[in-house]
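Asks: Just so we're on the same page, this note's numbering is the position in the sequence shown counted from 1, plus 1.
Quick reminder that beta carbons are idealized off the backbone N, C-alpha and C, glycines included.
All values reported here derive from a predicted model rather than from experimental measurement.
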Amino acid sequence: MVQPLGYLKESASQTAGPYVHIGCTPNFVGIHGIFEKDLGSGSLYNEQTRGTRITIRGTVFDGGGNPLKDALIEIWQADDAGFYNSPSETRGSADPNFIGWGRSPGDMETGEFVFETIKPGRVPFKDGRWMAPHVTFWIVARGINIGLHTRMYFPEETAANAEDPVLARIEHKNRIPTLIASKEGDSTYRFDIRLQGEGETVFFDI
Numbered sequence: 002m003v004q005p006l007g008y009l010k011e012s013a014s015q016t017a018g019p020y021v022h023i024g025c026t027p028n029f030v031g032i033h034g035i036f037e038k039d040l041g042s043g044s045l046y047n048e049q050t051r052g053t054r055i056t057i058r059g060t061v062f063d064g065g066g067n068p069l070k071d072a073l074i075e076i077w078q079a080d081d082a083g084f085y086n087s088p089s090e091t092r093g094s095a096d097p098n099f100i101g102w103g104r105s106p107g108d109m110e111t112g113e114f115v116f117e118t119i120k121p122g123r124v125p126f127k128d129g130r131w132m133a134p135h136v137t138f139w140i141v142a143r144g145i146n147i148g149l150h151t152r153m154y155f156p157e158e159t160a161a162n163a164e165d166p167v168l169a170r171i172e173h174k175n176r177i178p179t180l181i182a183s184k185e186g187d188s189t190y191r192f193d194i195r196l197q198g199e200g201e202t203v204f205f206d207i
């Protein structure tokens, strides 16, 4: 017999605390012997991966403009053809040589995170319209009760960004640039994330 579960209450949320790195990236904090390498660390591609290799660098800043040195960032994205490395991907086959997900702790001195990945292809929105190439970010750190979601778009994709249905939903258009990376050299993109204050990054409730 099915029993009602209405008496079960949601537990209170808590910040990630100083233990997030111990649990998620033990090698990074000097705890060795548990995993050969931290889950999600390293390059998202190998020698056989299709697509353009890129590097994403950035820093998470607090409301005072100070870098968060204990932030943990995860990304996930489509491959160069726009397919996700996921069991829920039903449109086609994703590149088996592309992981599609990565995790990077911020440098403990500078707060900078780094990802070695490829430039993603376009993927459809739920209504069939095409979204611009983008990378999804998830950020946790002390003081953040619930992980923050945002996106990084590419500055050279002007036409695709202009018709992206998610960017079109942002009411204050002057905030859209907070989601667009800047390019440094031929293959490096900088995407700084600001939690509060001037230039606050747009975050999504998903």
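Which whole runs of the beta strand (DSSP E) in the segment 11-70 are 3 residues long or more, in chain order?
Replies: Listed in chain order, the complete beta strand (DSSP E) runs (minimum 3 residues) inside the segment 11-70 are 54-62.
Asks: Under a three-way DSSP split, which group does residue 168 fall into?
Replies: Stepping through the sequence shown from its first residue, residue 168 is reached at position 167. Three-state result, residue 168: helix.
Asks: Specify, as a first and last residue, the run of the alpha helix (DSSP H) that residue 159 falls within.
Replies: Counted from its first residue, the sequence shown places residue 159 at position 158. Unbroken alpha helix (DSSP H) run through residue 159: 159-163.
Asks: Between residue 106 and residue 80, which are expected to be in contact by the criterion C-beta below 8 Å, what is the C-beta distance as a whole number of angstroms?
Replies: Numbered from its first residue, the sequence shown carries residue 106 at position 105. Numbered from its first residue, the sequence shown carries residue 80 at position 79. At roughly 25 Å, the Cβ-Cβ gap does not stay under 8 Å, so residue 106 and residue 80 are not in contact.
Asks: Are the segment 27-46 and the segment 102-119 touching, with three or more C-beta to C-beta distances below 8 Å?
Replies: Cβ pair count under 8 Å is three or more, so yes.
Asks: Going by alpha carbons, who is nearest to residue 131 out of 110, 145 and 161?
Replies: On the sequence shown, residue 131 is found 130 positions in, with the first residue counted as 1. It is 161.
Asks: How many angstroms separate the CA atom of residue 187 from the CA atom of residue 10?
Replies: As a first step, residue 187 is located in the sequence shown; it is residue number 186 there, counting from the start. As a first step, residue 10 is located in the sequence shown; it is residue number 9 there, counting from the start. Distance between the alpha carbons of residue 187 and residue 10: 51 Å.
Asks: Pick helix, strand or coil for residue 118, following the three-state DSSP scheme.
Replies: For the purposes of this step, residue 118 is taken as the residue at position 117 of the sequence shown. It is a strand residue.
Asks: Nearest by alpha-carbon distance to residue 169: which of 203, 90, 197 and 183 is it?
Replies: On the sequence shown, position 168 is the one that residue 169 refers to. Ranking 203, 90, 197 and 183 by Cα distance to residue 169 puts 203 first.
Asks: Residue 183: which of 194, 110 and 174 sits nearest, CA to CA?
Replies: One-based indexing of the sequence shown puts residue 183 at position 182. Measuring from the Cα of residue 183, the nearest candidate turns out to be 194.
Asks: Are at least three pairs of beta-carbons, each pair with one atom in the segment 133-144 and one in the segment 77-96, less than 8 Å apart?
Replies: Yes, the segment 133-144 touches the segment 77-96.
Asks: Check the C-beta distance from residue 73 over to residue 104 and give it rounded, since I have them as a contact under 8 Å.
Replies: Working through the sequence shown from its first residue, we reach residue 73 at position 72. Working through the sequence shown from its first residue, we reach residue 104 at position 103. Yes, residue 73 and residue 104 are in contact; Cβ-Cβ is about 7 Å, under 8 Å.
Asks: Between which residues of its own chain and residue 26 is the CB-CB distance below 6 Å, once the five residues before and five after are set aside?
Replies: Taking the sequence shown and counting its residues from 1, one reaches residue 26 at position 25. Hits under 6 Å: 39 and 106.
Asks: Please go through the same chain and pick out, in chain order, the residues whose beta-carbon is closer than 6 Å to the beta-carbon of residue 201, but skip the five residues on each side of it.
Replies: Within the sequence shown, numbered from 1, the residue matching residue 201 stands at position 200. Excluding positions up to five away in sequence, the list reads 195.
Asks: Between the beta-carbon of residue 55 and the beta-carbon of residue 190, is there less than 8 Å?
Replies: In the sequence shown, the residue the question calls residue 55 occupies position 54. In the sequence shown, the residue the question calls residue 190 occupies position 189. Taking 8 Å as the Cβ cut-off, residue 55 and residue 190 qualify as a contacting pair.
Asks: Would you please state the rounded distance, in angstroms, between the beta carbons of residue 61 and residue 140? I believe it to be under 8 Å.
Replies: Here residue 61 refers to the residue found at position 60 of the sequence shown. Here residue 140 refers to the residue found at position 139 of the sequence shown. Right, the Cβ-Cβ distance comes to about 6 Å (below 8 Å), so this counts as a contact.
Asks: Do residue 98 and residue 50 come within 8 Å of each other at the CB atom, strictly closer than that value?
Replies: Walking along the sequence shown from the start, residue 50 turns up at place 49. Walking along the sequence shown from the start, residue 98 turns up at place 97. Taking 8 Å as the Cβ cut-off, residue 50 and residue 98 qualify as a contacting pair.
Asks: Of all the options 192, 129, 144 and 199, which has the alpha carbon lying nearest to the alpha carbon of residue 166?
Replies: On the sequence shown, position 165 is the one that residue 166 refers to. The option with the nearest alpha carbon to residue 166 is 129.
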